[in-house]
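Participant: There's a structure below that I have some questions on.
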Amino acid sequence: MRIHRGTATFLLSLGVAGAATGQPATEITVATWNIAWFGDGIRDGVLRGNQRGGRFLRREADFARLREVVTRLMDHGVEVVGLQEVENAAAVRRIFPENDWDLFLSTRETDPEWSQRTAIVVRRAAGWRVERHPDVIEWSPQGRDRHGVDLTLTRREERVRVLTVHFQSGCQGEPLRSAKPQCGFLRMQFAVLKGWLFERMAEGVPTVVAGDWNRFLSRPGDEAAAGLPGGALVLPPPGSAPACWGGFFDHYVDHIVAFAPRGRVSPRTAFEEVLYGAPSAARDRLSDHCPLVATLGFEARR
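Using this note's numbering, read the sequence shown as starting at 2 and increasing by one per residue.
Now the structure itself:
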């Protein structure tokens, strides 16, 4: 298992007047991971997508590799993981054991062939008290698109809101006002997210949105990234290139984006990409996405 560490570590002011205290009000290590059609083992062969009609069903050796990834996430201090493309709770528990992780699964109803849900797992040893909010479904007009799982985490004086998302695919780099239907849908989803973020900023709650954005937010000049409110800290840093599967993607579509409405946020360590360390032939049985990890510090104003 290899770890790819980003080289950029920087401090981004969020445009709030006044100096910070220098002591983080909140520090949290977050990961995001699209596990690619991750099934419960009962009817995996019917899932469309990564398994391709049963031709790439995972073997026990693949689950062992995925459990190794979870162990490495724990070794790197990950406290919260936003997950995408999981079928149900039983699927998640195949690699995130209940003794170590609390699970908060999307309420999305799916048909048997399209069982893609989002979820958040919170490491029990991290000591966070979790309040679950209703899933964010406003970007799902018919209720069938992927919901956002929304939590508030509290630990002593620390408080942070965490949302995981999996947005519409097919408009990774085109203008959001392109004629492509996927771009129109993604534009609507970003508008809903911005409204949700403005509510968090009004509350003054440090916020992290982690997930598969299906958008090249780290590509310099991306209009979706530029349109995020509050001077967002976007990780991976702008201009970064994925190392996952030897650069299978030209740009990142998975991102961890942080907001500090009443202070500033900085990465406490270098951004990390966790690589599988497996031959490329295993990609379709593991995932075409590698987990991303960031440790964030939120500092309040004096």
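C-beta: ideal position from N, C-alpha, C; glycine also.
Return the bridge partner residues of Asp63 from the DSSP annotation.
Facilitator: Taking the first residue of the sequence shown as position 1, residue 63 is located at position 62. Bridge partners of Asp63: none, in fact.
Participant: Opposite Asn35 in the DSSP bridges: which residues?
Facilitator: Working through the sequence shown from its first residue, we reach residue 35 at position 34. Note: Asn35 sits in a beta bridge opposite Gln85.
Participant: Is Ser116 buried or exposed, if buried means 16 or more other CB atoms sit within 10 Å of its CB?
Facilitator: Looking up residue 116 in the sequence shown gives position 115. Buried.
Participant: Going by C-alpha to C-alpha distance, which of Val258, Ser241, Gly42, Arg73 sits closest to Ala225?
Facilitator: Within the sequence shown, residue 225 is the residue found at index 224, counting from 1. Ranking Val258, Ser241, Gly42, Arg73 by Cα distance to Ala225 puts Val258 first.
Participant: Val122 bridges to which residues according to DSSP?
Facilitator: For the purposes of this step, residue 122 is identified with residue 121 of the sequence shown, where counting begins at 1. Answer by DSSP bridge pairing, in chain order: Val82, Leu104.
Participant: Since Ser267 sits in a beta bridge, which residues does DSSP pair it with?
Facilitator: Looking up residue 267 in the sequence shown gives position 266. In DSSP, Ser267 forms a bridge with Gly298.
Participant: How would you call His134, buried or exposed, if buried means at least 16 neighbouring beta carbons within 10 angstroms?
Facilitator: Numbered from 1 along the sequence shown, position 133 holds the residue referred to as residue 134. Under this definition His134 is an exposed residue.
Participant: Taking Ser107 and Asp136 to be in contact with their CB atoms under 8 Å, please state how far apart those CB atoms are, rounded to whole angstroms.
Facilitator: On the sequence shown, residue 107 is found 106 positions in, with the first residue counted as 1. On the sequence shown, residue 136 is found 135 positions in, with the first residue counted as 1. Contact holds; Cβ gap of about 6 Å.
Participant: Buried or exposed for Pro98, going by 16 or more other Cβ atoms inside 10 Å?
Facilitator: As a first step, residue 98 is located in the sequence shown; it is residue number 97 there, counting from the start. It counts as exposed.
Participant: Could you tell me whether the segment 33–40 touches the segment 85–93, using the rule of 3 or more Cβ pairs below 8 Å?
Facilitator: The segment 33–40 vs the segment 85–93: in contact.
Participant: So what does DSSP say about Thr72, is it helix, strand or coil?
Facilitator: For the purposes of this step, residue 72 is identified with residue 71 of the sequence shown, where counting begins at 1. It is helical.
Participant: With DSSP run on the structure shown, which of helix, strand or coil describes Asp45?
Facilitator: The residue given as residue 45 occupies position 44 in the sequence shown. Residue state, collapsed to three classes: helix.
Participant: When the Cα of Asp63 is compared with those of Thr296, Gly278, Ala295, which residue comes out closest?
Facilitator: Counting from one through the sequence shown, the residue named residue 63 turns up at place 62. Closest option to Asp63, Cα to Cα, is Gly278.
Participant: In whole angstroms, what is the alpha-carbon distance linking Leu152 and Leu164?
Facilitator: Position 151 of the sequence shown, counted from the first residue, corresponds to residue 152. Position 163 of the sequence shown, counted from the first residue, corresponds to residue 164. Leu152 and Leu164: Cα-Cα distance of roughly 6 Å.
Participant: Buried or exposed, going by whether 16 or more other CB atoms sit within 10 Å of the CB of Thr72?
Facilitator: Within the sequence shown, numbered from 1, the residue matching residue 72 stands at position 71. That one is exposed.
Participant: Let me know if Ser267 comes out buried or exposed under the rule of 16 or more other beta-carbons within 10 Å of its beta-carbon.
Facilitator: Counted from its first residue, the sequence shown places residue 267 at position 266. The residue is buried, with at least 16 neighbouring Cβ atoms inside 10 Å.
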